[in-house]
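Structure first, then comments.
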Amino acid sequence: MMIVSACLAGKKCRYDGEHKKQQLISDLVAQGKAIAVCPEELGGLPTPRPPAENVDGKLITIDGEDVSVNYELGAKKSLEIALENSCTKALLKSKSPMCGAGLVYDGNFAGNLIEGDGEFTKKLKENGIQVQAID
Numbered sequence: 002m003m004i005v006s007a008c009l010a011g012k013k014c015r016y017d018g019e020h021k022k023q024q025l026i027s028d029l030v031a032q033g034k035a036i037a038v039c040p041e042e043l044g045g046l047p048t049p050r051p052p053a054e055n056v057d058g059k060l061i062t063i064d065g066e067d068v069s070v071n072y073e074l075g076a077k078k079s080l081e082i083a084l085e086n087s088c089t090k091a092l093l094k095s096k097s098p099m100c101g102a103g104l105v106y107d108g109n110f111a112g113n114l115i116e117g118d119g120e121f122t123k124k125l126k127e128n129g130i131q132v133q134a135i136d
């Protein structure tokens with residue numbers, strides 16, 4: 002079983018209220034081979050919402066609000082879903098402060114990328130779940 006970013010499966014749950022649907026991922030969910038989650042929504046954040054980036058170890062919105070607690074809660078709830086369903090692989094939205102794998106935004110809200118992982122990705126990797134970033 003796989004766990005996937007809900008926005009990649011076609012759910013309008015991104016910060017901007019849109020999705021980044023990838024037909025292959027949507028098909029995997031429809032076939033029961035993948036479970037779609039939006040960790041930000043599971044953490045209590047609304048859609049749409051102000052974009053957030055990791056700033057000195059805290060998740061801060063472009064408006065200056067600290068949403069670290071929401072990100073931690075959403076990552077924890079999403080990990081629980083992955084573990085309960087024996088997921089061994091994750092296909093997650095690239096560059097996201099929650100789901101990014103390998104590259105994330107640098108915290109300056111200028112579109113610059115740095116090496117790093119999102120909060121959910123970190124938890125998955127800590128639990129031996131393979132993560133692949135999808136644009």
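Under the numbering used here, read the sequence shown as residues 2 to 136, first letter to last.
Note that the Cβ used here is the ideal one computed from N, Cα and C, for glycine as well.
In its own chain, which residues sit with a C-beta less than 7 Å from the C-beta of alanine 7, not counting the 5 before and 5 after it?
For this step, residue 7 is matched to residue 6 along the sequence shown. Cys14, Ala37, Val38 and Cys39, listed in sequence order.
Ordered along the chain, which non-local residues of its own chain (more than five positions away) have a Cβ less than 8 Å from that of alanine 35?
To locate residue 35, count along the sequence shown from 1; it is residue 34. Closer than 8 Å at Cβ, skipping near neighbours: Met2, Met3, Ile4, Val5, Ala10, Ile26, Leu29 and Leu92.
Does the distance from the CB of glycine 103 to the CB of glutamate 116 come in under 8 Å?
Stepping through the sequence shown from its first residue, residue 103 is reached at position 102. Stepping through the sequence shown from its first residue, residue 116 is reached at position 115. Going by C-beta atoms, glycine 103 is nearer than 8 Å to glutamate 116.
DSSP three-state assignment for glycine 103, whether helix, strand or coil:
Residue numbering aside, residue 103 sits at position 102 when the sequence shown is read from its first letter. In the structure shown, glycine 103 sits in a strand (DSSP, three-state: E or B).
According to DSSP, is glycine 108 helix, strand or coil?
One-based indexing of the sequence shown puts residue 108 at position 107. DSSP places glycine 108 in coil when its eight states are reduced to three.
Three or more beta-carbon pairs under 8 Å between the stretch 66-80 and the stretch 41-51, yes or no?
yes
Considering only residues of the same chain and omitting the five flanking positions on each side of aspartate 17, which have a CB-CB separation below 6 Å?
Numbered from its first residue, the sequence shown carries residue 17 at position 16. If we look at aspartate 17 and ignore the five residues flanking it on each side, its Cβ neighbours are Pro49.
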